[in-house]
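First to last, the protein sequences are chains A and B.
Numbering-wise (this note's numbering), the first sequence opens with residue 62 and increments by one.
Numbering-wise (this note's numbering), the second sequence opens with residue 3 and increments by one.
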Amino acid sequence: MWLMIKNEWQFLLRSRVLQGISLAFLLALGVSVYLGNLQTNSQAEQYAAAKEHLRAQWESIDAMNPHGAAHYGTYVFKPSNLLSSLDEGVRSVTGNVLRVEGHVQNEMVHSEASQMQSVSKFGKLKSSLLLQYILPLVLVFLAFHSVSKEKQSGRLKSLVLQGAKPSSIVWAKTISVWLYGLVLLSLTVLTYALFNLPSISAEITSRTLLFYLSYALYYFILSGLTVFFSARWQNPTVALTAMLGIWIVWTIFLPNIFMTSVEKWHELPSREEFKTAMREDRSKGIDGHNPADARGKELEDQILKEYGVDSLSQLPINFDGIRMQADEEYGNKVWDKHFGHLRNVLARQKQSYQMAGIIDPFISLQNASMGFSGSDNLHHQEFLLQVESYRRDFIKMLNDKHAYGGSKTGDWSWKADNAFFKSVPDFAYQPTAMASVFPNYLADLILLACWTVFAAVLLVWGTKRIQVI
Amino acid sequence: MIQIQNASKSFKNTRAVQNLSLQVDKGEILGLLGANGAGKSTCIHMLLGFIKPDSGSALINGLDTSQKAREVRKIIGYIPENVNLYPFLSGIENLDYFCRLAGLKYSKIALHDLLGACGLQPEAHDKKVSAYSKGMRQKVGIAIAYAKKARVYLLDEPASGLDPLASSELSSLLKTLAAEGATILMASHDIFRVREVCHRIGILKQGQLVKELRGEEVSANELERLYLEFMKN
């Protein structure tokens, strides 16, 4: 069989048309990886510079009221994962900058999509576009005629008479086309690795290997199915039409149909509904800025009792800071409730959408590719949770300073010194470890593996009765 | 030795071969003449083990081709009307590839010798097959069968479309192979070539052997007259 694979490769290497296609494809891949990498790095540099600038601004606060500083707030930038140059996933639509301040959990802004001049269905020249849409098409074009050409020319007869088994011929064709896909995929990954050599860690390596495995399985499925059709139907046009039909259904129709259905089955509240519900729930809690608020009064009585005094002026602390923090903690509970519900719905959507991989392996590939690149919605949610956790610590530190830093209730002119502001930690993003989120992508990998087995079984079963003449 | 014993084969409602029996001995060349659809190719495909007769049997050196196809194919050299090689490989690379498929490894010199023995000019050996004429491809096809040390050759319209020189070279080569002990069955439309090369000639009509005669017994003109007579009746 290896002899036949070698022969197929001689054809691939010597065919001028294929040389041209391969070269053009490699150039496009190289350019897309380079541009993706350039964008990731330049974005990372911009964010690092902006972060540094904001931090310097924060640390240069000489003296300021801590609650005033909570309103002043800061900005957090979503760092790009190294692998997002291979698949940027939902990054272009989720936004990259988040304002962190007291009383409110803001939404992310400055998405790449919001700054685009035009919108194309297939977007910009990206590695994921080439690897998920174009390369599979190249594999289909390489394979659709592979066996029928041998049959039509009579070479299949000659090969069998020389001792080659029809099944070996079919496997050799499949493996040759698959290897072609793997070579282009490997070159893409290697180019990416070359650009990022100093930053490659064990985490990045494991993610890259899983990314590679997902594509390798998908390419085998496509190569196997196309060669199977080529072996079953003497007319190559039928095989090509069938595979192009499958490609269109898998990559264009089914993902849209399933996503729309999943969004209907597990409906998310609209942005307005979400905000209104948050506002309503929030209004039931303490109003940190309203001393006349009834729930605030209850808290006041509790603190006065705790300190054994009769009035706020007798308190050794600043009650305003405590009320602000109580307001904040109530707001946090409201956010947890609503954002938690949102996360639950998103998780259910993801699980249902993953199941669509049973009839469309492209969905499994897309899920796995974005997931292993760290650019899917799950990783985005993880980032939002980290930011919210930071926001809570940040605001609590400011409110505590306001309450216990030495000022008295009602003294809004009291200011914390520069040393305090310097002591407030900056946001430090902890990239989500693959090991912790891997179970979320296991279903995608299993479905891809099942499809691979199915393609292999089809090849074995379907080519047993192959007609040589 | 090639034997077909009372073989019949039908495709849907068409009887391709009817109760056909023939035998070709070692060192002998049998030519099968017949119109299109007379059953010549079906005969050859039965002998190659690609078609199983509905009744009767096809044997090569005593082995039933429908039951022992793999063993039989090891000793068969098959040259079709159009030898289809890999156009992106040279003649010598094609020969090497097909030999390796059969489990044979020849040195480069031996491969050149094989092509030379089959009449392919040395300067063509390393040229890509896409630049070959039909005759040159036929010679590589014969070299593949020859390299396999085939003892039985089955030829299906081997001279069709060849120029007179290439056709004459093919005839000489077949005679040489037969002289070396090969058993050859050749299906053809070319009455004159069959008359020139074959020891025995059979005329097939509607899947039946309607006439069998020795090559030396008839002149080419006589054979043509006989053939046309059978075809008309």
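Backbone N, C-alpha and C fix where the C-beta goes; we use that ideal spot for every residue, glycine too.
Bear in mind the structure is a predicted one, so any value in this text is a computation, not a measurement.
Residue i: first and last residue of the uninterrupted alpha helix (DSSP H) it sits in
i                         : result
alanine 517 of chain A    : 500–523
alanine 126 of chain B    : Alanine 126 of chain B -> no alpha helix (DSSP H), and no H or E assigned at all.
asparagine 38 of chain B  : Asparagine 38 of chain B -> no alpha helix (DSSP H), and no H or E assigned at all.
glycine 306 of chain A    : 297–309
asparagine 379 of chain A : Counting along the chain, asparagine 379 of chain A falls outside any alpha helix (DSSP H), and DSSP gives it neither H nor E.
tyrosine 155 of chain B   : Taken as a continuous stretch (DSSP letters only), tyrosine 155 of chain B belongs to no alpha helix (DSSP H), being part of the beta strand (DSSP E) at 154–158.
glutamine 100 of chain A  : 77–120
glycine 242 of chain A    : 227–256
asparagine 8 of chain B   : Per DSSP, asparagine 8 of chain B belongs to no alpha helix (DSSP H); it is in the beta strand (DSSP E), 4–13.
isoleucine 237 of chain B : No statement about residue 237 of chain B is possible, as the shown extent of chain B runs from 3 to 235 and does not include it.
threonine 224 of chain A  : According to the sequence displayed, residue 224 of chain A carries glycine and not threonine. Counting along the chain, glycine 224 of chain A falls outside any alpha helix (DSSP H), and DSSP gives it neither H nor E.
glutamate 361 of chain A  : 355–368
Exposure of residue i, with buried meaning 16 or more beta-carbon neighbours within 10 Å
i                            : result
serine 181 of chain A        : Only weak support is given to the placement of serine 181 of chain A: the predicted model assigns it a pLDDT of 48, under 50, and the question is left unresolved by the model.
tryptophan 326 of chain A    : exposed
aspartate 166 of chain B     : The residue asked about is misnamed: residue 166 of chain B is proline in this sequence, not aspartate. Exposed, since its Cβ has fewer than 16 Cβ neighbours within 10 Å.
phenylalanine 183 of chain A : Any reading at phenylalanine 183 of chain A must be qualified, since the residue scores a pLDDT of 48, below 50, and its modelled position is unreliable; no value is offered.
lysine 234 of chain B        : exposed
tryptophan 239 of chain A    : buried
arginine 268 of chain A      : buried
phenylalanine 455 of chain A : buried
asparagine 96 of chain B     : buried
alanine 401 of chain A       : Looking at the sequence shown, residue 401 of chain A is not alanine but glycine. Counting Cβ neighbours within 10 Å, glycine 401 of chain A comes out exposed, since fewer than 16 surround it.
tryptophan 522 of chain A    : exposed
tyrosine 502 of chain A      : buried
glutamate 341 of chain A     : exposed
methionine 495 of chain A    : buried
proline 500 of chain A       : exposed
histidine 47 of chain B      : buried
arginine 227 of chain B      : exposed
leucine 191 of chain A       : buried
isoleucine 530 of chain A    : exposed
threonine 249 of chain A     : buried
proline 227 of chain A       : buried
isoleucine 236 of chain A    : buried
threonine 524 of chain A     : buried
Beta-carbon spacing of residue i, residue j below 8 Å
i                            : j                         : result
leucine 509 of chain A       : tyrosine 279 of chain A   : yes
leucine 117 of chain B       : leucine 156 of chain B    : no
serine 404 of chain A        : glutamine 442 of chain A  : The sequence given here places arginine at residue 404 of chain A; serine does not occur at that position. Yes.
phenylalanine 515 of chain A : serine 275 of chain A     : no
isoleucine 203 of chain B    : alanine 222 of chain B    : no
arginine 153 of chain B      : isoleucine 81 of chain B  : no
leucine 35 of chain B        : leucine 206 of chain B    : yes
alanine 204 of chain A       : lysine 234 of chain A     : yes
valine 201 of chain A        : leucine 88 of chain A     : no
serine 291 of chain A        : valine 208 of chain A     : yes
alanine 477 of chain A       : alanine 124 of chain A    : yes
serine 468 of chain A        : asparagine 379 of chain A : yes
Continuous beta strand (DSSP E) stretch holding residue i: start and end
i                         : result
isoleucine 81 of chain B  : 78–81
glycine 58 of chain B     : 57–62
glutamine 213 of chain A  : Not the beta strand (DSSP E): glutamine 213 of chain A falls in the alpha helix (DSSP H), residues 207–214.
tyrosine 136 of chain A   : 135–138
methionine 188 of chain B : 185–190
serine 260 of chain A     : Careful: serine 260 of chain A lies outside any beta strand (DSSP E) and carries neither H nor E.
Within chain B, the residues that residue i reaches when beta carbons sit closer than 9 Å
i                         : result
isoleucine 424 of chain A : By Cβ distance, chain B contributes nothing, its closest Cβ being about 38 Å from isoleucine 424 of chain A, past 9 Å.
Listed by chain order, chain B residues near residue i by CB distance under 7 Å
i                         : result
glutamine 295 of chain A  : In chain order: nothing, as chain B lies at least about 15 Å away.
isoleucine 236 of chain A : Chain B residues near isoleucine 236 of chain A: none, gap ~16 Å exceeds 7 Å.
alanine 225 of chain A    : Leu103
Under 8 Å from the C-beta of residue i: neighbouring residues of chain B
i                    : result
glycine 9 of chain A : The structure shown does not extend to residue 9 of chain A, since chain A spans only 62 to 530, so no value can be given for it.
Under 7 Å by beta carbon: chain A residues contacting residue i
i                           : result
phenylalanine 90 of chain B : Gln71, Phe72, Arg75 and Ser76
Residue i: contacting residues in chain A (beta-carbon distance under 9 Å)
i                        : result
isoleucine 78 of chain B : Leu222
arginine 75 of chain B   : Val221, Leu222, Gln223 and Gly224
Contact list for residue i against chain A, beta-carbon separation under 8 Å
i                      : result
tyrosine 99 of chain B : Leu64 and Asn68
Taking any Cβ of chain B, which residues in the segment 70–82 of chain A have a Cβ under 8 Å from it, in chain order? Answer in chain order: Gln71, Phe72, Arg75 and Ser76.
Listed in chain order, which residues of the segment 101–125 of chain B have Cβ atoms closer than 7 Å to some Cβ of chain A? The residues in question are Arg102, Leu103, Ala104 and Gly105.
Residues within the segment 35–52 of chain B neighbouring chain A, beta-carbon criterion of under 8 Å: Of all residues in the segment 35–52 of chain B, His47, Leu50 and Phe52 have a Cβ within less than 8 Å of some Cβ in chain A.
Interface positions of the segment 516–530 of chain A facing chain B (Cβ-Cβ less than 8 Å), listed along the chain: Listed by position along the chain: Val529 and Ile530.
Note down, in chain order, all residues in the segment 139–151 of chain B with a beta-carbon under 7 Å from any beta-carbon belonging to chain A. So nothing in the stretch comes that close.
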